[in-house]
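A quick write-up on the structure given underneath.
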Amino acid sequence: MSPADGGIDITVEIDGGVIRHVGIVNRRPRGIGQSLLGLPLADLPATVTRLFSICRMAQGVAALGALEAAAAVAADPAQLAARRLLL
């Protein structure tokens, strides 16, 4: 699965300098999480950043946090601070 497999279309209607309507159509594939099952732990962050190209940094940081939570591992405070700077 690649970013080319879907996307998000955003349309905005403006009238008199004011936004009157915003339409968002999500064409991203559903069930992406299922494609990650069976993946080696070390591959998760890089795979997630490839799947979510628009917000890759945020998704990568979220994947690291999820792995740490699942493994009951606490990240070093300096690492957490560095991650916040990436967002």
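Residue numbering for the sequence shown is 8 to 94, as defined by the working numbering. Note that beta-carbon positions come from the ideal geometry of N, C-alpha and C, so glycine has one too.
Requested in this report: Determine the DSSP secondary structure at R34, reduced to helix, strand or coil.
Outcome: coil
Query - Beta-carbon separation (whole angstroms), M64 vs L93, contact threshold 8 Å - result: 5 Å
Report task. Find the nearest neighbour of A31 within the set I17, L71 and P84, judged by alpha-carbon distance. Result -> The residue asked about is misnamed: residue 31 is Ile in this sequence, not Ala. Checked all of I17, L71 and P84; the closest Cα to I31 is I17.
Query raised in the report: What are the boundary residues of the alpha helix (DSSP H) that P47 is part of?
Result: Unbroken run through P47: none, as it is neither H nor E.
Query raised in the report: Whole-angstrom Cβ separation of P52 and A70, contact assumed at under 8 Å?
Result: 5 Å
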